[in-house]
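Data first, discussion second: the structure below is written as structure tokens.
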Amino acid sequence: FKYFSCDENTMAFTGHAMALYLDDSYLKRPARECIDRVQLYAYSLSRYGNSPYIYPVWGLGGLPEGFSRLCAIHGGVYMLNKPIEKILYNDDGTVKGVQCKDEEHPAYCKKLLADPSYFIGTDKVKKVGQVARMICIMSHPIKDTNNADSAQIILPAKHTGRRSDIYISMVSYHHQVAAQGKYVAVVSLNVESKQPEKEFAPALALLGKADVRFSWVSDQYAPTDDGSKDNIFVTSSYDATSHFETATKEIMSIYERLTGQPVDLTAKPDDLGKDE
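Here the sequence shown is numbered in full-length UniProt numbering, starting from 1 and rising by one per residue.
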């Protein structure tokens, strides 16, 4: 960046908004890493038109719905919205299955992938911080976005006087998630003070007037082991990022720990479902 005489605004925008780095560590790392990330941003932008991001119509609820359909096609069993009563273990301490509430028979398994909320109060997870989120329902698009019906905005920490970035994701009636003429903006950030509601100020100044706002603070948990001993693979809580970059990396990591092989994204659609 210094070689090309880039100012701090350009460096922050490139590193945080395009390369999706969570901090400024990229400034001290090999340039190739940042270049690859920026190229991915550019390739995605050229492929999908005016945005490098895609968002499912009808909201993210379509993802578990799609999973359920694929699960049924491949002979799997799924139970949505079933409270877990307890986790069952073998004599050697490895997972055996789960017992669901109001179900007579347990669901048996060799490996278990679980959200940290199922293990709060145990030695499987530890608290690593807090995330504050706010949902703003508005009757106008975000200013200075050319009246865009959707937006992904990252406010770099350096521009807001914080230690971490602020994330804004905005969708609207064009995505079938709001009424005609309404916009839904979700603001998320790492809690850095005892008054998290005041930490939203830079984002609210950008969003402008909202019809209604909802905010809450969630504890953030992380697993204490890799799951190899008991075959229970616990994910981390969702962090403040709104672009799912960290979630995607964790999914790929857990897949490799579950199967012993890295994710192969070169599979052709025609090969899916065929016996190996």
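Where is the CB? At the ideal position from N, CA and C, for every residue including glycine.
field: Nearest-angstrom Cα separation, counted from Lys-158 out to Ala-31
entry: The count along the sequence shown starts at 1 and reaches residue 31 at position 31. The count along the sequence shown starts at 1 and reaches residue 158 at position 158. Ala-31 and Lys-158: Cα-Cα distance of roughly 20 Å.
- prompt: Whole beta strand (DSSP E) runs in the stretch 139 to 182 with 3 or more residues, listed along the chain?
  reply: 151 to 155 and 166 to 172
- prompt: Across which residues does DSSP place Trp-216 in a beta bridge pair?
  reply: For the purposes of this step, residue 216 is taken as the residue at position 216 of the sequence shown. Answer is Arg-133.
His-175 to Pro-64 span [Cα, whole Å]: Reading the sequence shown from its first residue, position 175 is the one you call residue 175. Reading the sequence shown from its first residue, position 64 is the one you call residue 64. The alpha-carbon atoms of His-175 and Pro-64 are separated by roughly 17 Å.
Phe-200 classed as buried or exposed, judged by whether at least 16 other C-beta atoms fall within 10 angstroms: Counting from one through the sequence shown, the residue named residue 200 turns up at place 200. Looking at its Cβ environment, which holds 16 or more other Cβ atoms inside 10 Å, Phe-200 is buried.
- request: State buried or exposed for Gly-66, treating a residue as buried only when at least 16 other CB atoms are found within 10 Å of its CB.
  value: Numbered from 1 along the sequence shown, position 66 holds the residue referred to as residue 66. So Gly-66 counts as exposed.
message: Assuming the contact rule is C-beta atoms closer than 8 Å, Met-244 and Met-134 should be a hit. Round their C-beta distance to whole Å, please.
response: Position 244 of the sequence shown, counted from the first residue, corresponds to residue 244. Position 134 of the sequence shown, counted from the first residue, corresponds to residue 134. For clarity, residue 244 is Phe in the given sequence; the question names Met instead. The pair is not a contact, with the Cβ atoms about 19 Å apart (cut-off 8 Å).
- prompt: Of the residues Asn-90, Tyr-118 and Lys-182, which one's Cα is nearest the Cα of Tyr-108?
  reply: The count along the sequence shown starts at 1 and reaches residue 108 at position 108. The candidate whose alpha carbon is nearest that of Tyr-108 is Asn-90.
Proximal residues to Asp-219 (C-beta, below 6 Å), its chain only, five neighbours per side dropped: As a position in the sequence shown, residue 219 is number 219, starting the count at 1. Result list for Asp-219: Lys-127 and Gln-130, in chain order.
field: Glu-276 versus Asp-211 - alpha carbon distance
entry: Counting from 1 along the sequence shown, the entry for residue 276 is found at position 276. Counting from 1 along the sequence shown, the entry for residue 211 is found at position 211. With a pLDDT of only 47 at Glu-276, under 50, the local geometry of the prediction cannot be trusted, and no value is derived from it.
- request: For residue 285, count neighbouring C-beta atoms within 10 Å of its own C-beta (all shown protein chains included) and say buried if the count is 16 or more, exposed if not.
  value: Residue 285 lies beyond the stretch modelled for the chain, which goes from 1 to 276, so this question has no answer here.
query: Just reading off the alpha helix (DSSP H) that Gly-62 is part of, what are its end residues?
result: Start at 1 with the first residue of the sequence shown, and residue 62 comes out as number 62. Gly-62 -> alpha helix (DSSP H) spans 62 to 73.
message: One question on the structure: do Val-186 and Ser-169 come within less than 8 Å of each other, judged by their Cβ atoms?
response: For this step, residue 186 is matched to residue 186 along the sequence shown. For this step, residue 169 is matched to residue 169 along the sequence shown. For Val-186 and Ser-169, yes; Cβs fall inside 8 Å.
- prompt: What span of residues does the beta strand (DSSP E) with residue 365 cover, start to end?
  reply: The question about residue 365 has no answer here: the residues shown for the chain are numbered 1 through 276.
- prompt: Any idea which residues DSSP pairs residue 348 with across the strands?
  reply: Nothing in the structure corresponds to residue 348, since the chain is present only between 1 and 276.
message: Given a cut-off of 8 Å on the beta-carbon distance, is the pair Pro-156 and Val-234 in contact?
response: Residue mapping note: residue 156 aligns to position 156 of the sequence shown, counting from 1. Residue mapping note: residue 234 aligns to position 234 of the sequence shown, counting from 1. The answer is no: Cβ separation not under 8 Å.
query: Would Thr-122 be called buried (16 or more neighbouring beta carbons within 10 Å of its own) or exposed?
result: For the purposes of this step, residue 122 is taken as residue 122 along the sequence shown, with counting starting at 1. Exposed: under 16 other Cβ atoms inside 10 Å.
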